[in-house]
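Residue 0 is where the sequence shown starts when you use numbering that gives the first Met the number 0, and the numbers rise one by one after that. The C-beta atom is built at its ideal place from N, Cα and C for all residues, glycine as well. Just so you know, these numbers come straight off a predicted model, no measurement behind them. Worksheet for the structure shown next.
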Amino acid sequence: MNYSHPLLDGFAQELPSDTLEKAKALYMRVRDGFLYDPYHLDLRKPALTASTIATRKRAWCVEKAILLAALFRKLGFPAKLGYAVVTNHIGVEKLTRYLRREEIVFHGFVEVFLEGIWVKCTPAFDARICRVSGVTPLEWDGRSDSMFQAYDGGRAFMEYKHFYGTFEDVPLELMNTEMKAYYPHLFEQIYNTKEFSFRHLWTLE
């Protein structure tokens, strides 16, 4: 999380002076500043670096969490990365075909220290994707945990099945090892198409 990199400067400008409002504004910039895209995954260090993510227009939950945590640190807020195994019950048929199982491994979120407490926030799904999927965008007040709701509009939505804990930096080895355990086929051949791509620590290019 190279938060001092100049490519992150633009995200930290023209923010409210109030601490909570500043944190909330950063959350919204990352949540809605990138179209959520879980179909092009790169689990290598260069791709999972905040300054690299800042140059993109699309990002998946792990990338958005890295960038948001880096921006929090840039503004002096202690921040950590959190990861979980989840099952999303809405609008994931295409992703499930690629993953070959319903669990989404290493879903990323952020913990930030504000006003004396650690609070969680989840910047993964932008407002546009939520409209397409018919779910409510996840808001965050800066004071309480903002994690995906179990139900939305009476439908089962997000189920958290396992928490890996929180980390000071991206646990690259653990992330790659866990994904290999859940999705071994992704590590057995090359996936590099316009529709779906996957790269990992042991990719040979």
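Around the Cβ of residue i, are there at least 16 other Cβ atoms within 10 angstroms (buried) or fewer (exposed)?
i, result
"K208", "Lying before the first or after the last residue shown, residue 208 is absent from the chain, which here runs from 0 to 204."
"G9", "exposed"
"L98", "buried"
"V131", "exposed"
"L7", "buried"
"R154", "exposed"
"T192", "exposed"
"K23", "buried"
"Y159", "exposed"
"G107", "buried"
Give me, in chain order, the residues of the same chain whose beta-carbon lies closer than 7 angstroms to that of residue i; leave out the 5 immediate sequence neighbours on both sides.
i, result
"L137", "T121, F124, S145, F147"
"E206", "Only positions 0 to 204 of the chain appear in this structure, which leaves residue 206 out of reach."
"Y190", "S196, F197"
"T95", "E101"
"K21", "L14, P15, L74"
"T48", "N1"
"T165", "K79, L80, G81, E110"
"E92", "none"
When you compare the CB of residue i with every CB in chain B, is at least one pair closer than 9 angstroms?
i, result
"L200", "In summary, chain B is missing from the structure at hand, where a single protein chain is found."
Can you list, in chain order, the residues of its chain whose CB lies under 8 angstroms from that of residue i, leaving out five sequence neighbours each side?
i, result
"K179", "L185, F186, H199"
"A11", "L25, L70, K73, L74"
"V109", "A64, L67, A68, F71, A78, K79, L80, G81, K119, C120, T121, P122"
Taking the alpha-carbon of residue i as reference, which of the options has the nearest alpha-carbon?
i, options, result
"Y26", "W59, L66, H4, A58", "L66"
"Q188", "E92, T202, F166", "T202"
"A58", "E114, G32, K23", "G32"
"L34", "S143, A126, E158, E92", "A126"
"A53", "L113, D17, L14, P5", "P5"
"G115", "S16, F105, G141", "G141"
"S143", "Y163, Y182, F156, F112", "F112"
"F76", "V134, L19, K56", "L19"
"E36", "C60, V29, N175", "Checking the sequence shown, residue 36 turns out to be Asp, not Glu. When each option's Cα is compared against that of D36, the closest is C60."
"E177", "M157, A46, F105", "F105"
"V134", "N87, S3, T51", "N87"
Leaving out five residues on either side along the sequence, give the residues of the same chain with a beta carbon under 6 angstroms from the beta carbon of residue i.
i, result
"D41", "R198"
"H39", "S196"
"C129", "P136"
Inter-stretch contact (C-beta, 8 angstroms, three-pair minimum) for the segment 155–171 and the segment 64–80: Cβ pair count under 8 angstroms is three or more, so yes.
Unbroken stretches of the alpha helix (DSSP H), 4 residues or longer, contained in the segment 111–164: Runs of the alpha helix (DSSP H) inside the segment 111–164: 126–132.
Unbroken stretches of the alpha helix (DSSP H), 4 residues or longer, contained in the segment 37–79: Under the rule that a run must span 4 or more residues, the alpha helix (DSSP H) segments found entirely inside the segment 37–79 read 49–52, 60–73.
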